[in-house]
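Peer 1:
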Amino acid sequence: MRIDILTLFPSMMTMFFEESILSRARKKGLVEVHFHDLHQYSLTRYGSVDDYPYGGGAGMVMAVEPLANCIEQLQRERRYDDVIYTAPDGEMLSQNMSNQLSLKENIMILCGHYKGVDERIREHFITKEISIGDYVLTGGELAAAVICDSVIRLVPGVIGDEESALSDSFQDGLVAPPEYTRPPEFRGWRVPEILLSGNHAKIEQWRYDQAVERTRQRRPDLLKEG
Ligand code: ADE
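341 is the number of the first residue of the sequence shown in this note's numbering; add one for each residue after it.
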């Protein structure tokens with residue numbers, strides 16, 4: 341899978357991808373992530389990419405030309421399954437959406453800033469708009485990082501034990517059951533006996549029951565959706 345991230349602040353993003361699962365995915369050759377500095381597609385001598393909004397009002401708008409130049413240059417090089425724009429009014433990111441994105445070959449993510457992008461970019465280039473929650477971030481970089489994290493860990497082979505991604509919270513519409521590790525007792529706090537029993541069928545049933553109960557308590561909305 342290849343992900344191209346279009347941003348005003350590439351250095352803010354590279355750090356994030358140099359660590360942990362994301363860096364392993366890149367080193368294993370399963371995922372390529374490329375950053376594109378939008379300033380380099382500016383038509384002005386000073387590399388500016390924003391301008392005042394027509395009709396007035398506070399804040400700046402990311403201009404159509406540098407964004408279109410960057411998107412089109414990439415599109416000439418390969419076919420993209422999706423051109424994503426991060427925006428608070430986009431479709432809410434979900435596990436289901438991340439599952440679908442993890443199967444794509446090439447995606448582009450445009451990180452918004454300031455008051456956002458000239459609407460013509462959304463109309464003519466963007467195929468999917470994603471929000472990571474009902475709050476406003478300063479820019480789309482954090483949102484793009486969240487999207488990439490949740491997608492890349494689902495790409496086959498990225499997580500060694502594939503079961504572990506499949507048993508994540510939300511994969512089956514339930515939150516994850518509690519987990520324990522050694523020691524079996526700490527300050528008198530004991531690990532549930534069933535987990536020490538070695539009876540795998542009973543343990544699976546217990547985990548499922550716990551997941552259902554936790555979902556009922558913490559996220560009853562998930563049980564209603566089905
Ligand atoms: N840009 C600003 N706020 C955002 C949000 N909540 N989700 C995605 N992109 C954003």
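Ideal Cβ placement from N, Cα and C applies to all residues, glycine included.
Considering Cα atoms alone, identify which of A505, C488, Y520 is closest to P496.
Peer 2: A505
Peer 1: Would you please state the rounded distance, in angstroms, between the beta carbons of V389 and I345? I believe it to be under 8 Å.
Peer 2: The beta carbons of V389 and I345 sit about 15 Å from each other, so the pair does not count as a contact at 8 Å.
Peer 1: What first and last residue would you give for the alpha helix (DSSP H) that runs through F356?
Peer 2: 350-357
Peer 1: Less than 9 Å between the C-beta atoms of H376 and T347, yes or no?
Peer 2: yes
Peer 1: Report all residues from its chain with a CB closer than 8 Å to the CB of L536; omit the five preceding and five following residues, and keep chain order.
Peer 2: Here the set comprises P524.
Peer 1: Flag A485 as yes when its Cβ comes closer than 8 Å to any non-hydrogen atom of ligand 1, and as no otherwise.
Peer 2: no
Peer 1: Can you check which of these residues, V404, G369, G395, is closest to S382 by C-alpha distance?
Peer 2: Comparing alpha-carbon positions, the option among V404, G369, G395 lying closest to S382 turns out to be V404.
Peer 1: Might you give, ordered along the chain, the residues of its own chain that have their beta carbon closer than 7 Å to the beta carbon of V531, omitting 5 neighbours on each side?
Peer 2: Taken in chain order, the residues that qualify are Y520, P524.
Peer 1: Just jot down, in chain order, the residues whose CB lies closer than 6 Å to any heavy atom of ligand 1.
Peer 2: T426, A427, P428, G452, S471, I472, G473, Y475, V476, L477, G480, A483
Peer 1: Nearest-angstrom Cα distance between I543 and I472?
Peer 2: 34 Å
Peer 1: Given a cut-off of 9 Å on the beta-carbon distance, is the pair D489 and P428 in contact?
Peer 2: no
Peer 1: State the Cα-Cα distance for the pair R419 and R342, rounded to the nearest angstrom.
Peer 2: Per the coordinates, the alpha-carbon of R419 lies some 11 Å from the alpha-carbon of R342.
Peer 1: Return the first residue and the last residue of the beta strand (DSSP E) that S471 is part of.
Peer 2: 468-471
Peer 1: Within the same chain, show all residues whose beta-carbon is closer than 8 Å to that of N539, passing over the 5 residues directly before and after it, in chain order.
Peer 2: none
Peer 1: Hey, would you say S434 sits closer than 9 Å to F510, going by beta carbons?
Peer 2: yes
Peer 1: Might you give, ordered along the chain, the residues of its own chain that have their beta carbon closer than 6 Å to the beta carbon of F356, omitting 5 neighbours on each side?
Peer 2: A485
Peer 1: Quick one: give me the first and last residue of the alpha helix (DSSP H) that R342 is part of.
Peer 2: Here R342 belongs to no alpha helix (DSSP H); instead the beta strand (DSSP E) covers 342-347.
Peer 1: Identify whether A398 lies in helix, strand or coil by the three-state DSSP scheme.
Peer 2: coil
Peer 1: Can you check which of these residues, P560, G500, G399, is closest to T478 by C-alpha distance?
Peer 2: G399
Peer 1: So what does DSSP say about V531, is it helix, strand or coil?
Peer 2: coil
Peer 1: Quick check: what's the CA-CA separation for D512 versus K367?
Peer 2: 30 Å
Peer 1: Measure from the alpha carbon of P518 to the alpha carbon of each residue in I487, T555, S351, then state which is nearest.
Peer 2: T555
Peer 1: Which residue comes first and which comes last in the alpha helix (DSSP H) that contains V371?
Peer 2: Per DSSP, V371 belongs to no alpha helix (DSSP H) and is neither H nor E.
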